[in-house]
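Chemist: Pasting a structure here, questions to come.
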Amino acid sequence: MSNKNQWEAVIGLEIHVQLSTNSKLFSGASTNFGAPPNTQACNVDLAMPGVLPVLNEEVLKMAVKLGIALNANINSPTSFARKNYFYPDSPKGYQISQMDNPIVEGGFLDIELEDGSVKRIGITRAHLEEDAGKSLHEDFEGQSGIDLNRAGTPLIEIVSEPEISSPEEAVAYLKSIHSIIRYLDISDGNMAEGSMRCDANVSVRKIGTAELGTRTETKNVNSFRFVEKAIHYEINRQINEIESGNRIIQETRLYDSQKNTTRPMRSKEFANDYRYFPEPDLLPVVLEDEFISSIKESMPELPNEKKIRFTEFYKLSEYDSSLLAADKDLADFFEEVVEESESPKLSANWIMGEFLAELNKEHLDISKSKVTSKQLGVLISRIEDSTISGKIAKEVFEKMWDSSKDADDIIRDQGLEQVTDLSEIEAMVEKVISENQDQLEKYLSGKDRLFGFFVGQVMKESQGKANPGQVNQILKQKLKK
Amino acid sequence: MELNELTLKQQLDGLKDSSFSSTELTQDYLKRIKSKDPSINSYITVTEELALKQAKESDDRYDKGKALALDGIPIAHKDIFCTEDVLTTCGSKMLSNFKAPYSSTVVSKLFDEGVVMLGKTNMDEFAMGSSNETSYFGEVKNPWNLDYVPGGSSGGSAACVAARLASAATATDTGGSIRQPAALCGLTGIKPTYGRVSRYGMIAFASSLDQGGVLARTVEDAAILLTSMSGHDPKDSTSLNIDVPNYTEEIDNNIAGLKIGLPKEFFEQEIPDHVRKSTEEAIEVYKDLGAEIEEISFPNIDLSLPVYYVLAPAECSANLSRYDGVRYGFRCADPKNLEDLYMRTRDEGFGSEVKRRILIGTYALSAGYYDAYYLKAQKCRRLIANDFTEAFKSVDVILSPTTPGTAFKTGEKTNDPIDMYLQDIFTIPANLAGLPGISIPCGSHNGLPLGLQLVGNSLEEGKLLSAAHHFQKVTNWHRELPEL
């Protein structure tokens, strides 16, 4: 019988990140997404006879930033190589990539696991290369269409060491890379549009074995969830194969997200021998120390650094800090809210609660939020200064979301200010007690749980506007008598 | 004297002092092309309409006193240089229907100087060949004797200038493709330092060796054209960002005391007596001109040919992958599927020499062979370059025959690729080291010209040109014209 516990997975990820330059890696054509087919492919992208590549120097800056963020060495000189294969979306019949002397080599990334522990994943290298075009099979009867708009878009491929042990770790690593590239502003990291793509090298071995099992490479995994599912599937498939007495074949597999399976690519879909050799059309690139140090000096705060700052400065929990810091836009939003509300903890709760819930409900990006950070900050400060209760604040927030009005306007127009006049609350408490003599007797005879009933009745009496703290306090006094 | 008998320099002077117009000069060439080229086949495309239009514009500029540096000079471009909206075939069936969507930097620079383009010249397919017999558009004949080859790969450019079907022509040299045809057709041909002339728009054969240059009647003519063609091009990352001297001024520099090196290994080769004799006579000329002659050694020179025939095919195997029938050029009829499209397009579109080199190159780069072939060849290439570095510590230029013999008969070597490859034994080392080389006429045997090669240190085209120019001032080989 199969015993999955005897096995461990060895996983390495290759992550392709599209760099958000205005023009392509080796040509001046635009890199915008979504233009009509072949309208953003110039003579160089079309591999016209006689054309030559010219390196877009903007990518060097981006790659160096990434290298620094990944605690890696920056190679100088760094050189380009040709990777030869025939495919219609590869117009030159080779891809310009890097083999020896990749721009980034030998780094690491610390990732946080679900149990809060930290694991260090080695980064083998990150190299620059050009993206391929796209083959379109749907619209052409018996033929394929080729769109070369994407051809030549700069990519950086980040290759991890095979030090990832589970699908969950793989996702944590991927999310961490995603977070870093967004922080560095070198890519939008949009997996659905293909700006970030992931290939997973997976093998399994019996726990305690030193040597690695035969690995497969699963391609075409384009969301965090699919990465987790694809690796899960592949691990189980490999264990089942081996336990059924079969051998794992070293091969490239495609993930099918609809069936949640992986299947081998037909052998013609990939070449075995890429015949790499140095690209003679491009000279090795020397990165001056000054260039690298100027980038070092201008590095933004990175997710891990931000997380530590949030914990120390705002006194947030580790969990809150890392959740907020994972997304740069979210972290920025949080800090803007705090600037207004002056209450970090409450702001964090609101952002991760109501605010994210609304965004997710409407599938909105934070930049498209219907409530601004300043508006949310004001709302939270109205809770802090007891103008409204937390419960009313939720109502107000929903109205703000729907109307884009400010909190103060909604509170004023709808008379939602909290009742904090002690005598007014006392009157309400007395009214509730006198109307509920049965419950009073039961309470006094020991049914403590009925305290909540009285609170609820008073709040109801006040239409939710009574200050809950004051209600509690007065009720306690009155019910003792 | 007919206008086409004048050198480019004489034509330029004639245009400047209004002895004749560019239109007259252009018409003279066009008429001659019509009558003479059918037996030579030096042109693939004659751009008559464009030439006459450019000549007219040129004449207008002369009339207004706003003439450009090369205004009105009718030249031809090797069909390896992309010319916007004009057929650019590279001598191949693969591009037999290809009109380039843009012009190469070389072509643009010369247009900007006012040259008139007569057409595009025949060449070995994708510049692979030493006899112009691999062209899809037919063999080119040597104007000195139509039974003989003009050399290659720039055989069309050489034959058209030798036959006076153009004032001069652009050409390219990967292993000798300018200098060898220059020698075989009695012309002056210069391949400058790698990176001196932009490769943008010059269809790639072997990117690290390819270099554009000139085929002309005299050193002076070559210097004029080279000055206009050279210079940094941001579109070519391997082009040198170093100022270009005015070579027409440099050619007159004194050469007394010039140190000429004779590589002993070159002269140990099996060379026919007439080649040895003409070279020795040339050495005597240089002695008379005040040059000092010194024997030098190139211990690694025997590696040149094997190194070249690993590296050039390796690079070409990748450079020619883009010809796949998908986007432009030849596509096989009724492809059944993608693989069939690739296989038949490339099988039917490429000739056998091109296929041979793609196969050699693919093999040399294959897993398991890369280290033994490609990498080893790269290391040997460095050894050869080091030999030159050593040599230039003691000499200014290196002298040798350009080729091991005169032109050979059409068909004579087509079944023996190795014998054909030996044509470039003296020219290839300069390409491997990226150095400038020039070939000038220095003799004749059985009515066929012989060439003398001078190789200079990096960026010392000026020194080469002056050494060659002084030779032409005291010899008449370059003045001889073939009877047609």
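Those protein sequences? They're chains X and E, same order as listed.
Heads up: the first sequence begins at 4 in the working numbering, then just goes up one per residue.
Heads up: the second sequence begins at 316 in the working numbering, then just goes up one per residue.
Idealized CB from N, CA, C, for every residue including glycine.
All figures in this text were calculated on a predicted structure; none of them were measured in a lab.
1. Between D134 (chain X) and chain E, is any beta-carbon pair separated by less than 9 Å?
2. Whole angstroms is fine: what's the gap from M102 (chain X)'s alpha carbon to F83 (chain X)'s?
3. So which of E:P353, E:Y377, E:D352, E:A366 has the shortest CA-CA distance to S336 (chain E)?
4. Starting from G472 (chain X), trace the beta strand (DSSP E) in both directions and tell me its first and last residue.
5. Tell me whether L419 (chain X) is buried or exposed, calling it buried when 16 or more other Cβ atoms sit within 10 Å of its Cβ.
6. Can the beta-carbon of N556 (chain E) be found less than 9 Å from the beta-carbon of P496 (chain E)?
7. Should T717 (chain E) and L763 (chain E) be called a contact, given that it needs their Cβ atoms to be closer than 9 Å?
8. For G504 (chain E), which beta-bridge partners are listed by DSSP?
9. Which value, in whole angstroms, describes the spacing of the CA atoms of S469 (chain E) and K435 (chain E)?
10. Tell me the DSSP bridge mates of I77 (chain X)?
11. Does the beta carbon of P165 (chain X) sit closer than 9 Å to a beta carbon anywhere in chain E?
12. Would you call I210 (chain X) buried or exposed, if buried means 16 or more other Cβ atoms sit within 10 Å of its Cβ?
13. Per DSSP, what kind of secondary structure is Y358 (chain E) in: helix, strand or coil?
14. Give the residues from the region 19-49 of chain X that approach chain E closer than 8 Å (Cβ to any Cβ), ordered along the chain.
15. By Cβ distance, which residues of its chain are closer than 8 Å to P80 (chain X), with the 5 residues on each side in sequence left out?
16. How would you call L635 (chain E), buried or exposed, if buried means at least 16 neighbouring beta carbons within 10 angstroms?
17. From this set, X:R85, X:S465, X:D150, X:A75, which residue's C-alpha is nearest P281 (chain X)'s C-alpha?
18. By the DSSP assignment, the alpha helix (DSSP H) with I733 (chain E) in it spans what residues?
19. What are the boundary residues of the alpha helix (DSSP H) that T563 (chain E) is part of?
20. Below 8 Å, can you find three or more Cβ-Cβ pairs linking the region 22-42 of chain X to the region 252-262 of chain X?
21. Report back the beta-carbon spacing between I395 (chain E) and M438 (chain E) to the nearest angstrom; my notes put them in contact at under 8 Å.
22. Taking only three categories from DSSP, how would you classify S715 (chain E)?
23. Going by other Cβ atoms of all chains shown within 10 Å of its Cβ, with 16 needed for buried, is Y186 (chain X) buried or exposed?
24. By the three-class DSSP mapping on this structure, what secondary structure does M302 (chain X) have?
25. Measuring alpha carbon to alpha carbon, tell me which of X:D202, X:E338, X:D284 ends up nearest K550 (chain E).
26. Strictly below 9 Å CB to CB, what residues from chain X border P797 (chain E)?
27. Please classify C647 (chain E): does DSSP put it in a helix, a strand, or coil?
28. Taking 9 Å as the CB-CB cut-off, is T272 (chain E) touching chain X?
29. Tell me which residues share the same chain as T360 (chain E) and place their Cβ nearer than 6 Å to its Cβ, disregarding the 5 neighbours each side in the sequence.
30. Please tell me whether S100 (chain X) has its Cβ less than 9 Å away from any Cβ of chain E.
31. K310 (chain X) and S296 (chain X) - do their beta-carbons sit closer together than 9 Å?
32. Cβ of S781 (chain E) less than 9 Å from any chain X Cβ?
33. Does K262 (chain X) pass the burial test, meaning 16 or more other C-beta atoms within 10 Å, or should it be called exposed?
34. Distance cutoff 9 Å, beta carbons only. Does P416 (chain E) sit that close to anything in chain X?
35. Using 10 angstroms around the beta-carbon of I733 (chain E), count the other beta-carbons present and answer buried if the total reaches 16, otherwise exposed.
36. Flag this pair as touching only if the region 59-74 of chain X and the region 299-307 of chain X have three or more C-beta atom pairs under 8 Å; answer yes or no.
Modeler: Let's see:
1. no
2. 7 Å
3. E:Y377
4. Premise fails: G472 (chain X) lies in the alpha helix (DSSP H), 471-483, not in any beta strand (DSSP E).
5. buried
6. no
7. no
8. E:L530, E:S754
9. 11 Å
10. X:V107
11. no
12. exposed
13. strand
14. So the close ones are N46, L49.
15. N104, P287, V288, V289, L290
16. buried
17. X:R85
18. Unbroken alpha helix (DSSP H) run through I733 (chain E): 732-736.
19. 562-565
20. In short, these stretches do not touch, since the Cβ pair count stays below three.
21. About 6 Å; that satisfies the 8 Å criterion.
22. strand
23. buried
24. coil
25. X:D284
26. Close partners of P797 (chain E) in chain X (Cβ separation under 9 Å) are lacking, with about 32 Å as the shortest Cβ gap.
27. coil
28. Outside the shown range of chain E, which is 316 to 799, sits residue 272 (chain E), and nothing can be said about it.
29. L402, G434, K435
30. no
31. no
32. no
33. exposed
34. Closer than 9 Å: yes.
35. exposed
36. The region 59-74 of chain X, when compared against the region 299-307 of chain X, does touch it at the 8 Å Cβ threshold.
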